[in-house]
Amino acid sequence: MTEITAQSIDDALRKQLDALNTSVESREVGTVIQVGDGIARIDGLKNAMAGELLEFTGVDGQTVYGLAQNLEEDEVGAVLLGDVTAIKENDQVKTTGRIVEVPVGRAMLGRVVNALGMPIDGKGPIQTDATRPVEFKAPGVIARQPVGEPMQTGILAIDSMIPIGRGQRELIIGDRQTGKTAIAIDAVINQKGEDMICIYVAIGQKASTVAGLVETLEKHGAMEYSIIVAATASDSAPLQYIAPMTGAAIGEYFMYNGTDGKPASKENPGGHVLCIYDDLTKQAVAYRQMSLTLRRPPGREAYPGDVFYLHSRLLERAVKMSDENGGGSLTALPIIETQAGDVAAYIPTNVISITDGQIFLVTDLFFQGQRPAVDVGISVSRVGGSAQTKAMKQVAGSLRLDLAAYRELQAFTQFGSDLDKATQQQLNRGAHMTELLKQGRYVPMPFEEQSIAIYSGSHGYLDDIPVVDVVRFRGELLDYLRAAHAQILADLRSTKKFTDAIEKDLNAAIEQFKQQFAPTAQD
Amino acid sequence: MPTNRHIAKAEADLYAQALIEALKNEGGLDAVMLVRSQLEQILAYNRSHVDLTDAMADMAYTPEERSALIKRVFADCQPALQSVLGVMAERGDIDKLPRVWESYNRQVSEQMHITVVDVTTRVPLDDRLRQVIKEKAGADFGEDVVLREQIDPTILGGIIMSANGKRIDASVTTLLEGARNVLKKTTDGGEC
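Written out as structure tokens, the structure is:
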């Protein structure tokens, strides 16, 4: 343990006092006219900028920061970010000349921070050297390149049919309790060893939920490459409003800089970041509250007119940088909660139109035991196809169409007419493939195992297995391959495609396994 | 009553102009400065007494009652200011007071070619320091400078100067507060 001496205390104090800035600067000053509901109206501050950080000084000298939002002829409307009760009428407000910034850096990995980047996990201060503005203009066309690298979620149904690429914006949408967060968390857990930094932004959630999530990530060893930004339900609306932007700012640091902390370039590649915004519905609600208390005119569903811009400028920060700019990426997985499956509501339609695809989760499927409850019929990835491995493309190419045909036939056969053999076969295959897509929580599958699972289904190896045994068959087959035919998995991992040799070995291995597989006894 | 903002601005200008004209006849620069100070106090008082502000603008009272209320509450103010406030209350224009204050300052500066600099110190200024401040501020603003001095023991030392919405704070309390923030930033960091 370090010994504390008078000399060390003296040195520490001197070092801190050296950091003091005793220069005097001229600042624009205004006066609080009215304060309430987390909003302050300020007289003066004629030169305040939109979004500028304002410094409020309370009666007892306490400093509270605020954001200038409404710049009107006579006054400025600002939202308060700290202790709103410390500010009273006639208190002084100063402009700062800067916008809100948050600390960023590698020291934040494994930590839980609030919307201002301050630690809330009780693990002490975070020593970072850099800060980034929460509002940052997204890179332009020249600085980008098309999405082309896969971002594996480890979830069979998603990676096979709705593939997500690094730098993509894929919406996860569904009613409450349909497994939206579970998909995001599985995606985080699957990034272990993938050179990906994960940022989970919890907006308006219960603190206990966030604590549970941190525990889950720690249990699966995912916290070491993750950062949690939490603006819980008890935080003020402005904090819930800036939390996603804080998450994006923290992520951008890793993307725009190499591992050495210097700007990314061709020689110094930028990092890859996965940013989950859980959920943007609550951010929109917080922004609506802020806007209404700022007396901005309400629009559809009482949201302000610029709520689309709020989400579009946030999601536009998801990017795959060009090689000249380091080739880093920021993948965004925004989450939207719908009410009774109403995707035509204002915020869902907005975010659907902004993102590059969506994963729809359906309550009915969830309660039918189809988990993850992804409705593959209406879920889509607009750019992910080019970010899929060749092996997956080879086996999953027709899967979506087969399942669509199966659902159509299934609806038709409910009328109970006699079926020809081909139709029966198609129904049987569809039922097996649907069953194959079921997957438990926190058990992400690497792409080679996913490919083999779908290969076994699409090549008819599951057709004569009872449907209830499909998931068990899949698990045991993969165990068998890992134990007895690890070379097939290794070859598939390295070549990333099904070569003739791999197919031959795999067919033989599956046949061999089927002979020893014991189906569950049927009554 | 909703009105066009240009009309509201013109009305505020008119109130301010009437007040300045009256003060020029009554006591010149000293009266103008006294009313500036009183107007500032009234604005601060109104902000922290919402009931009074509401009562002064309440149309349930007759114009005469509103005017009488104003004259009673601000009985210690300069008579010209009392009269203008009374008229504003009668006409239901008391909510325009912040605009009148702004217009008053602007017109004083334009008509009398002066800039008012509020100076706050711990101890009274001596003549030498007063002269130094006047010369420095006069050079900056290009106008004659009128100092409005205030003694505030809570600033401990140093000086605070403000003019035209800008503020230069070189008080000891602000410097100490800055030091406190620097020290706090390097030691804090747990739960917050």
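Residue numbers (my numbering), protein chains in the order written: chain A, 680 to 1202; chain B, 6 to 197. Positions of the beta carbon are idealized from the N, C-alpha and C atoms, including for glycine. In this text, all values refer to a predicted model and were calculated from it rather than measured experimentally.
Cβ proximity to chain A below 8 Å picks out 171, 172, 173, 174, 175, 178, 180, 182, 183, 184, 186, 187 and 188 from the segment 171 to 190 of chain B. When C-beta distances to chain A are compared with 7 Å, the residues of the segment 39 to 55 of chain B below that value are 49, 52 and 53, in chain order.
In terms of Cα proximity to residue 117 (chain B), the closest of B:63, B:158 and B:150 is B:150. Assigned with DSSP and collapsed to three states, residue 1173 (chain A) falls in helix. Rounded to whole angstroms, the separation of the alpha carbons of residue 1187 (chain A) and residue 907 (chain A) is 46 Å. The Cβ atoms of residue 929 (chain A) and residue 811 (chain A) sit closer than 9 Å to each other. Distances from the CA of residue 980 (chain A) to each of A:964, A:993 and A:988 were compared; the closest alpha carbon is that of A:964.
By the criterion of a C-beta distance shorter than 8 Å, residue 13 (chain B) is surrounded in its chain by 101 and 104, once the five residues flanking it on both sides are discounted. At a cut-off of 9 Å between beta carbons, residue 769 (chain A) contacts chain B. The segment 828 to 847 of chain A and the segment 1122 to 1141 of chain A touch, with three or more beta-carbon pairs separated by less than 8 Å. Beta bridge pairing from DSSP links residue 956 (chain A) with A:880 and A:1013. Residue contact check for residue 104 (chain B) against chain A: a CB pair falls below 9 Å. For chain A, none of the residues of the segment 122 to 134 of chain B brings a beta carbon within less than 8 Å of one of its beta carbons. In terms of Cα proximity to residue 92 (chain B), the closest of B:29, B:28 and B:62 is B:62. Counting only unbroken stretches of 3 or more residues, the beta strand (DSSP E) elements lying wholly within the segment 950 to 1010 of chain A are 951 to 957, in sequence order.
At a C-beta separation below 7 Å, residue 712 (chain A) has these neighbours in chain B: 52.
In the same chain as residue 994 (chain A), and ignoring 5 residues on each side of it, the C-beta atoms closer than 8 Å to its own belong to 848, 1011, 1013, 1030, 1033 and 1034, in chain order. For a Cβ distance threshold of 7 Å, residue set 708 of chain A lies close to residue 167 (chain B), ordered along the chain. The contact set of residue 796 (chain A) on chain B, defined by CB atoms closer than 7 Å, is empty, because the minimum CB distance reaches about 11 Å.
DSSP places residue 777 (chain A) in the strand class (E or B) of the three-state scheme. The C-beta distance from residue 800 (chain A) to residue 754 (chain A) rounds to 39 Å, too long to meet the 8 Å contact threshold. By the Cβ test, the segment 891 to 906 of chain A is not in contact with the segment 935 to 952 of chain A, since fewer than three Cβ pairs between them sit closer than 8 Å. Judged by beta-carbon spacing, residue 736 (chain A) lies within the 9 Å limit of residue 772 (chain A), meaning their Cβ atoms are closer than that value. Of A:986, A:1158, A:687 and A:1058, the smallest CA-CA separation from residue 1193 (chain A) is found for A:1158.
Flagged as an interface residue toward chain B: residue 740 (chain A), by a C-beta distance shorter than 9 Å.
Scanning the segment 797 to 875 of chain A from its first residue to its last, the whole alpha helix (DSSP H) runs of 4-plus residues come out as 835 to 840 and 859 to 868. In the displayed model, residue 1075 (chain A) falls within a helix according to three-state DSSP. Bounds of the alpha helix (DSSP H) holding residue 19 (chain B) are 10 to 31.
Using beta-carbon distances, residue 107 (chain B) counts as an interface residue toward chain A, with a partner under 9 Å. Closer than 9 Å to the CB of residue 994 (chain A) there is not a single CB belonging to chain B. The C-beta distance from residue 21 (chain B) to residue 88 (chain B) rounds to 14 Å, too long to meet the 8 Å contact threshold. For residue 111 (chain B), no CB of chain A lies under 9 Å from its own CB, so it is not counted at the interface with that chain. Within the same chain, Cβ atoms closer than 8 Å to the Cβ of residue 889 (chain A) are found at 791, 881, 907, 909 and 911, the five residues on either side in sequence being excluded. Along the segment 732 to 757 of chain A, the positions whose C-beta sits under 9 Å from a C-beta of chain B are 736, 740, 742, 752, 753 and 754, read in chain order.
Contact annotation: residue 1058 (chain A) and residue 1039 (chain A) have beta-carbon atoms nearer than 9 Å. Rounded to the nearest angstrom, the gap between the Cα atoms of residue 1024 (chain A) and residue 1018 (chain A) is 9 Å.
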